[in-house]
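One line per chain: the protein sequences are V and D, in this order.
Residue 785, in the working numbering, is where the first sequence stops; the numbers in between run on with no holes.
Residue 785, in the working numbering, is where the second sequence stops; the numbers in between run on with no holes.
Note that the Cβ used here is the ideal one computed from N, Cα and C, for glycine as well.
Protein chains: 2
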Amino acid sequence: MKKKHRLRFERYAPEDFIKKYQELVRDTVIPYQYDVLWDRAGNTEKSHVVQNFINAGKALRGEDTGDGFYGMVFQDSDAAKWIEAAAYSLAVYRDEELERRVDELVDIIEQAQDKDGYLNTYFTVKDREKRFTNLLEGHELYCSGHMIEAACAYYEATGKRKLLDVMIRNMEHIYDYFVTGKHGGYPGHPEIELALLKMYRCTGNEKARELAAHFIDVRGVDRDFYAREKEARDWTVWGNNPVDLEYMQSDKPVRELENAAGHAVRAVYLYTAMADMASLTDDAQLKAAADRLWESITKRRMYITGGIGSSVHGEAFTVDYDLPNDTAYCETCASLGLMFYAAAMNELECDSKFADAAERAFYNTALAGMQLDGKRFFYVNPLESLPGISGKAPTHRHTVPQRPSWYACACCPPNLARTIMSFGQYAFSENTDTAFIEIYAAGKVRFENGCELDISTGYPYDMDININAVKGGRLALRIPSWSRSFTVTVNGREESVTPENGYVYITINDGDRIGLSLDGLPRWNYPSVRVPSIAGMAALTKGPLVYCFEGADNEGDVVGLAVDTAAAAKIGEETDLGTDTLIADAYRTADNEELYSFDEPAVSAVKAKAIPYYAWCNRGENQMRVWMTRYPHPQK
Amino acid sequence: MKKKHRLRFERYAPEDFIKKYQELVRDTVIPYQYDVLWDRAGNTEKSHVVQNFINAGKALRGEDTGDGFYGMVFQDSDAAKWIEAAAYSLAVYRDEELERRVDELVDIIEQAQDKDGYLNTYFTVKDREKRFTNLLEGHELYCSGHMIEAACAYYEATGKRKLLDVMIRNMEHIYDYFVTGKHGGYPGHPEIELALLKMYRCTGNEKARELAAHFIDVRGVDRDFYAREKEARDWTVWGNNPVDLEYMQSDKPVRELENAAGHAVRAVYLYTAMADMASLTDDAQLKAAADRLWESITKRRMYITGGIGSSVHGEAFTVDYDLPNDTAYCETCASLGLMFYAAAMNELECDSKFADAAERAFYNTALAGMQLDGKRFFYVNPLESLPGISGKAPTHRHTVPQRPSWYACACCPPNLARTIMSFGQYAFSENTDTAFIEIYAAGKVRFENGCELDISTGYPYDMDININAVKGGRLALRIPSWSRSFTVTVNGREESVTPENGYVYITINDGDRIGLSLDGLPRWNYPSVRVPSIAGMAALTKGPLVYCFEGADNEGDVVGLAVDTAAAAKIGEETDLGTDTLIADAYRTADNEELYSFDEPAVSAVKAKAIPYYAWCNRGENQMRVWMTRYPHPQK
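So, in structure tokens, the structure goes:
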């Protein structure tokens, strides 16, 4: 089969669910984050992002740098992710004022670039002698990566080259240092690899591709690099351990990796680049490694919500089947990274399992990262929240029970914004002869292969999808793994189709009306007994949505609820959060005064109400659980 | 009622269960720990304990200190706890060689004491100028406390005063510094307070009592003490945070404390001294605080095994109802400390709840701290062990799935040894007119009030206790809270008795034969729904023993087992570990290949086998669970 590639982001104009989210990002998140970059947002920590670029420009011109650098070593990346989100927004929603703001920021960034192409405000303002002396922690290559992504997106959205040219010069500077100059080392936080491949796709620049290949190829070969680097410098950012090789993803050449390990975001960014590179080069070893790591995550190290990274210690993967609910890390960025990885794998191999995981990550953990009003954000997305313990016990300090308004480390909110604004990249793909619908979403989509579709659906709530073929072609429809049955109709007549690797293929003519009905029933999910934290429990899903039980809907207590999985859950009324509800038969255990008792506590039959996980914690601090105890004695 | 006090330790000569443990300590643990102190034990980390004392003596004489100091800042306390265990052993089991070894060590310790009475090898060898400049971390007062306890025990066991005189001089030195000299501050690790009260009881020395009162009274009054102390010094041991006031138990005067907080061992050592002091002085505020803290622990912060300290972060208490099984800390020393606290509370107030908790701590967490052969020790005692995750995931590094042979920080093994050897202190108490049996144990006990008993019982396995009154008197028998029924007979005739605060009182004559039958049935225990980690689960107990399910008895998998609590568990065959077993109806969930599945996994009815928790992990690394999932569908 011909290789498929992601839909170009400007080719999808959403309606309904995704449109509402994009409008929220456009109208609330992008303006708010813009104010944060400029330190004009109230009630939040100073970000200093734009001022850092202004001060770097002054430093280069030999002027007084005023209040110098402020923030995290990777503070520049917030500007990059904001520009990228704005670019995606501009591709669908023209907005002169927003474009002016981006142009203004690009001018400031250009001024912060050194003559040799170097671009990083932390090192330019603070100490230019330290450039590239701390790849372990310095995040220069990470920041360049994000700015490269932003530059490509803005160029593709508007045709404007200024930032792209800045970043090509920056890429060439990095190329000269590492490839031509034969300096050792590789990025402490992978990101630039996938960005360079985006630049290659966007511009055809061979140096970008070569530099990506270089960083992928040298990683983990010189295992002692970070230790020697640390030995040679007299400064540190956080005192990271250079010999925790597995954590640093420097323990072996990437083609030999077996298990998803280390910092979860870094891991999936690296694996994304590996998959992208394997697509470009047909490198069988790289593809095999990317496949193994995919299995490692999705078969042994992923939460049902698509969350990854079980532990706050290093925001990292841990070991197989270690998936605690209440102390989970599940960083929003990690689930976004899982979507990037899925999209890359999806190009490498035609199997619906990749879109299954991307969909799981998006509709659950990624969207849960943002309050429904777009104003507060979760960095950490646990599957159980316990006010009194969550955010308080030392093991639970990271699982705060309410979304904060902004973070000192603000990676997640702009990352989510750019991903929502480019949702078409994950929902659709194509090759020269087939248009793929990976994730169902309402709106108009124009494939490069000529196919044009107008899709109506209440997805992710309603599992009936109606497609109007404005221009026909060969269409591939993903049958999600959660859908136990489906019917496909063309102009009202049912088609007899059998999925191949999770897709059904039909050839349609201009004007055809295609109907797809997926299984929209609430379903109980049962975990493997290999996962100790949830063995014997059950969780509810409907379509792509994972549901959770919140105290707000259940008399303040969900820990004392035990669900009866013998009965199917029913779809209940809509909430004022704009979601539906699922209603399950359950039993509530009375609150026993005694910590431990010989007397089996009294139970009473109740209806337990669940809402989609992405909408949790929009009604104040309260208990929340995804995985529920099952009721022991339904016969009573 | 007249106040009761602990039995003097030399007055109990055990038989059967406790005798076997004491013989194990006498024959294996004390000799092994002696070799460790002298660095003669193979296969373990160097301890250097005796050499530190030798080198400190050299330092005081101005000689070359050779290899100097080695080990933890509190390394001296290992010698103290070993001497204390040896003293208790000598009180029951005469042993000239052991006594010679103690005397030899006492001579070495005496040589390490400075002329002014100061005694601590860390500071004497390394830097005498730093004495008492780091109460936060320096552990000088902690080490003095343990050596005071050792000195009192050795004096009481043998009548030998040398170490006692050394420690009286040391106490006077500390008194001069803190009381006469008005230096501020209080012990970073409480321990000396309870030791000083032991010294007062043992010698009547008023300064010891005054100094204990001083440390109790000033604690938490000057809240900024540790911060100022840190400011004033240019060195640190571990970099402890001086302003984490609740953790340091320095947030408020002890009489105002509400919740058990901070480092669990330090907490219960402090509370023990508070209760002891309240007994001595009838200080109502101190008693009220000791009561509140007791309730805080036993009603909201204690595991069913008598383990305390939910988190590895600071080995500390956390928040109410935060009792995770797999990441529990439950340090062996903390449960021993809970026994000390219980014994002190038991003198303050006549209620069987104190012995209930002491018994729970002893027969479960404390004994689990030692391998059945006395050669390996747990510091951390989780209620769930998961090879593959335990000891490996970063959140589980501390819950190693096998007992190590010795620790760099070797506080627990000698602490357990001394407690086993002085078990009579916890099992019996008395006042001038009543002899109390707090915890049933076979053997001969001679109360100071004249009562002499010869007790036969298979406790903690057999709940029939037969008591031969060698000399009669008024006897109080504790009716444990776990015993739902009981009968008392005197010379075969059933007595009609009603417990008062958990004790039944009978007056017996010389030669009477008393029978007590307690409830020895296996029972399911149900937790409060306030404890999220175990809500909806069940645990098995029989008498004072908590049982656990190990993979070794259950086809290697206990996570996949769900017990049917509708059926009572039955007592099964004895194991070759010397324990009995409990057999529960259960269902085994098949190992589903899929991480998450819509298909309810197949289950099969099985008999699940449990052994006493204290005997877990004596057959290699394997899964273990105390709290079990309950089976959802018994009707099938």
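Going by DSSP, PHE166/V is part of no beta strand (DSSP E) but of the alpha helix (DSSP H) stretching over 165–173. A direct Cα-to-Cα measurement between SER682/V and PHE466/V gives close to 16 Å.
Counting the other Cβ atoms within 10 Å of the Cβ of GLN434/D gives fewer than 16, which makes it exposed.
Any Cβ of chain D closer than 8 Å to the Cβ of GLU699/V would place that residue at the interface, and such an atom is absent. Look at HIS462/V: its C-beta is under 8 Å from a C-beta on chain D. Cβ-Cβ separation between ILE341/V and SER293/V: approximately 6 Å, consistent with a contact (criterion under 8 Å).
In the structure shown, the three-state DSSP call for PHE158/V is helix.
A Cβ of chain D is located within less than 8 Å of the beta carbon of PHE747/V.
In terms of beta-carbon proximity, GLY727/D stays away from the interface with chain V, with every pair separated by 8 Å or more.
Taking a cut-off of 8 Å for Cβ pairs, the stretch 623–640 of chain V and the stretch 655–663 of chain V touch, as three or more such pairs fall below it. In chain order, PHE364, VAL367 and ARG368 place their CB closer than 6 Å to the CB of TYR335/V, counting only its own chain and leaving out the 5 sequence neighbours on each side. Nearest Cα to THR714/V within the set ALA754/V, VAL678/V and ARG672/V: ARG672/V. Buried is the label assigned to VAL695/D, since at least 16 other Cβ atoms lie within 10 Å of its Cβ. Assignment of beta-bridge partners to VAL653/D by DSSP yields LEU626/D. Assignment of ASN674/D by DSSP, reduced to helix, strand and coil, places it in the strand class. Taken in chain order, the members of the stretch 463–478 of chain V whose beta-carbon sits within less than 8 Å of a beta-carbon on chain D are GLY463, ALA465, THR467, VAL468, ASP469, TYR470, ASP471, PRO473, ASP475 and THR476.
For ILE569/V, the enclosing alpha helix (DSSP H) has its first and last residue at 561–570. Here LYS169/D is exposed, its C-beta having fewer than 16 other C-beta atoms within 10 Å. Taking one beta carbon from each stretch, the stretch 576–596 of chain V and the stretch 494–514 of chain V have 3 or more pairs nearer than 8 Å; the two touch. Judged by DSSP secondary structure, CYS697/D falls within the beta strand (DSSP E) whose first and last residues are 694–699.
Less than 8 Å divides the Cβ of LEU487/D from the Cβ of ALA510/D. Chain D places no beta carbon closer than 8 Å to that of LYS309/V, leaving this residue out of the contacts. Listed along the chain, the chain D residues whose CB falls inside 9 Å of the CB of ILE453/V are LEU744 and TYR745. Per the coordinates, the alpha-carbon of SER554/V lies some 28 Å from the alpha-carbon of GLN574/V. Pairing TRP776/V with ALA688/V gives a Cβ-Cβ distance under 8 Å.
When the alpha-carbon of ALA190/D is set against those of LYS379/D, ALA361/D, ARG525/D and GLN398/D, the nearest one is in ARG525/D. Under the three-state reduction of DSSP output, ASN319/V falls in the helix class. The Cβ neighbour count for ALA739/V, taken over all protein chains shown within 10 Å, is under 16; the residue is labelled exposed. At a beta-carbon threshold of 7 Å, the residues of chain V lying near GLY709/D are VAL678 and ALA684, ordered along the chain. For PRO609/D, no CB of chain V lies under 8 Å from its own CB, so it is not counted at the interface with that chain. The CB of LEU535/V comes closer than 8 Å to the CB of PRO681 in chain D, given here in chain order. Checking the DSSP bridge columns, you'll see GLU643/D partnered with THR638/D. Within the stretch 523–555 of chain D, contact with chain V at the beta-carbon level (separation under 8 Å) is assigned to GLU533, LEU535, GLY537, ILE538, LYS541, ALA542, PRO543, THR544 and HIS545. Chain-order list of chain V residues neighbouring ASN674/D: TYR745, SER746 and PHE747, by C-beta distance under 8 Å.
Straight across, the Cα-Cα distance linking TRP765/V with VAL529/V is about 13 Å. Neighbours of THR581/D in chain V, taken as residues whose beta carbon is under 8 Å from its own, are absent, since the nearest beta carbon is some 35 Å off.
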